[in-house]
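Heads up, the thing below is written out as structure tokens.
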Amino acid sequence: MSTSAKDKAAHWIRPEIRTLKAYAVPDATGLIKLDAMENPYAFPDAMRSTWLRVLQQVDVNRYPDPAARRLKEALRSALAIPPSMSILLGNGSDELIQLIAMALAQPGRVVLAPVPTFVMYDMIATFTGMGFVGVPLTPDFDLDLPAMLTAIRQHRPAVIFLAYPNNPTGNLFDADALRDILKASDGLVVVDEAYHAFAGVSLMDQLGRYDNLVVMRTLSKQGLAGLRLGVLAGDAAWLDEFDKLRLPYNINSLTQASAEFALTHAPVLQAQAQRICSERERVFQALAALSGVRVWPSRANFILLRIESGDATRVHQGMRERGVLIKNLDHAGAALKGCLRVTIGTPEENTAMLLALAQALGNVPGVAP
Ligand SMILES: *Cc1c(COP(=O)(O)O)cnc(C)c1O
Numbered sequence: 003m004s005t006s007a008k009d010k011a012a013h014w015i016r017p018e019i020r021t022l023k024a025y026a027v028p029d030a031t032g033l034i035k036l037d038a039m040e041n042p043y044a045f046p047d048a049m050r051s052t053w054l055r056v057l058q059q060v061d062v063n064r065y066p067d068p069a070a071r072r073l074k075e076a077l078r079s080a081l082a083i084p085p086s087m088s089i090l091l092g093n094g095s096d097e098l099i100q101l102i103a104m105a106l107a108q109p110g111r112v113v114l115a116p117v118p119t120f121v122m123y124d125m126i127a128t129f130t131g132m133g134f135v136g137v138p139l140t141p142d143f144d145l146d147l148p149a150m151l152t153a154i155r156q157h158r159p160a161v162i163f164l165a166y167p168n169n170p171t172g173n174l175f176d177a178d179a180l181r182d183i184l185k186a187s188d189g190l191v192v193v194d195e196a197y198h199a200f201a202g203v204s205l206m207d208q209l210g211r212y213d214n215l216v217v218m219r220t221l222s223k224q225g226l227a228g229l230r231l232g233v234l235a236g237d238a239a240w241l242d243e244f245d246k247l248r249l250p251y252n253i254n255s256l257t258q259a260s261a262e263f264a265l266t267h268a269p270v271l272q273a274q275a276q277r278i279c280s281e282r283e284r285v286f287q288a289l290a291a292l293s294g295v296r297v298w299p300s301r302a303n304f305i306l307l308r309i310e311s312g313d314a315t316r317v318h319q320g321m322r323e324r325g326v327l328i329k330n331l332d333h334a335g336a337a338l339k340g341c342l343r344v345t346i347g348t349p350e351e352n353t354a355m356l357l358a359l360a361q362a363l364g365n366v367p368g369v370a371p
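Residue numbering for the sequence shown follows the numbering used here, starting at 3 and increasing by one per position.
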């Protein structure tokens, strides 16, 4: 790195960007990958062959449909988006969060969310020059409603993000508290339902009842993480404005064709989600039976646990050495001290994960931690 480039960059790059740490994705080569809430199941073989035939028809020399009309109609019926509501698609829901923040950003304005939660809300607030107000959850990770209402009055946030279920805690917030927040806020409220497939509850049918509510979904956690497709549903008054900031052709042709195809096979994805949910209950019971581990019930495709000894980083490393990659949250702030997050995989992967965890904890006689 040349010193003069370094000096110039240090001068011109905004200070809040220079102090950021890039979103780190660890290398998972050769490991059982249970760190990123991916669906462990690929398309069944017959479905995969049909999909590849669909892709053969895609003319990649042409730009994609800029409005993704056919895909949006398929999503409207698959996701039960009310006919009166608009749809905006993003290159993953991360891009939708970014579009929302860009549209609302102004000096002095803030993004508000309960914490701990999905880290991109905080990061994207910073990217767009907005402040971030994090309101701590209760010790059981539910919304602290009085604290939320006080913070809303005090900061008048331009946007509130509520992950439902929440990541990384896995729980669903109290539905009445969500409604109170919607009523108390005159800014936008984004309910992020990334884990809808595993939770079964939604605020989609509440659109239209609150003029500040939009609902966000993604296909990532349902088996299509590689496609990058996020979906925002809400009133055209909001979405038409966000759409102006969307780069043309943000949803590529292969993604449009593949997502449309996947939606015609929705029962396959639903059956996979069902398998993941039943494995989640088995893994939860097994984790709860381990001594030295505190575990929280989850409505998502992952489980949060705390290593009571506080040795989470050592346990995380011990599991990695045994071939299992999970997420270490030990350094992510006060409420997550000692915490790890495991994604639910196939039954075989989960069994391997549980064994690696027990060994790393030193709970298995005859195996050194
Ligand atoms: C994973 C996740 C997302 C991001 O999903 P993409 O569509 O893959 O960008 C958004 N919100 C929450 C709460 C998530 O956990």
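Quick reminder that beta carbons are idealized off the backbone N, C-alpha and C, glycines included. Because the structure is a prediction, the values reported are computed rather than measured.
| query | result |
| --- | --- |
| What are the complete beta strand (DSSP E) segments, minimum 3 residues, inside the region 276–321? | 295–297, 304–309 |
| Check the Cβ-Cβ distances between Leu151 and every residue of chain B, and say whether any is below 8 Å. | Protein chains in the displayed structure number just one, and chain B is not present. |
| Using the Cα positions of Gly368 and Gln361, report the straight-line distance between them to the nearest angstrom. | Residue placement at Gly368 is poorly supported in this model, since its pLDDT is 47, which falls under 50; the coordinates still yield a value, given next. Those two C-alpha atoms are separated by around 9 Å. |
| Cα separation between Ala24 and Ile126? | 12 Å |
| Would Gly136 and Pro159 qualify as a contact pair, given that the criterion is a beta-carbon distance under 8 Å? | no |
| Ligand 1 and Asp213: does any heavy atom of the ligand fall closer than 7 Å to the residue's C-beta? | no |
| Could you tell me which whole beta strand (DSSP E) segments of length 3 or greater appear in the region 145–226? | 161–165, 190–194, 215–220 |
| For the pair the region 321–329 and the region 145–159, tell me if three or more CB-CB distances fall below 8 Å. | no |
| Let me have the residue list for ligand 1: C-beta closer than 5 Å to any non-hydrogen atom, ordered along the chain. | Gly94, Ser95, Asp96, Phe120, Ala165, Asn169, Asp194, Ala196, Thr220, Ser222, Gly232 |
| CB-CB under 8 Å to Glu310, same chain, minus the five flanking residues each way: which ones, in chain order? | Gly294, Val295, Arg296, Gly340 |
| Taking just the CA atoms, how far does Ser255 sit from Leu54? | 14 Å |
| What alpha helix (DSSP H) runs, 4 residues minimum, are completely inside the region 7–91? | 17–20, 47–58, 71–80 |
| In angstroms, rounded to a whole number, what distance separates the CA positions of Leu307 and Ala290? | 9 Å |
| I need the boundaries of the alpha helix (DSSP H) containing Ala235, first residue and last residue. | No alpha helix (DSSP H) holds Ala235; the beta strand (DSSP E) holding it covers 232–236. |
| If you drop the 5 nearest sequence neighbours on each side, which residues of the same chain put their C-beta closer than 6 Å to that of Leu356? | Ala288 |
| If Thr130 sits next to Ala107, beta carbons under 8 Å apart, how far is it from one beta carbon to the other, in whole angstroms? | 4 Å |
| Is the region 101–120 touching the region 233–250, taking contact as three or more C-beta pairs under 8 Å? | yes |
| Could you check how far apart the C-beta atoms of Ala165 and Leu114 are, in whole angstroms? I think they sit under 8 Å. | Rounded, the Cβ-Cβ distance is 13 Å, inconsistent with contact. |
| State yes or no: is the C-beta of Asp194 within less than 8 Å of the C-beta of Phe120? | yes |
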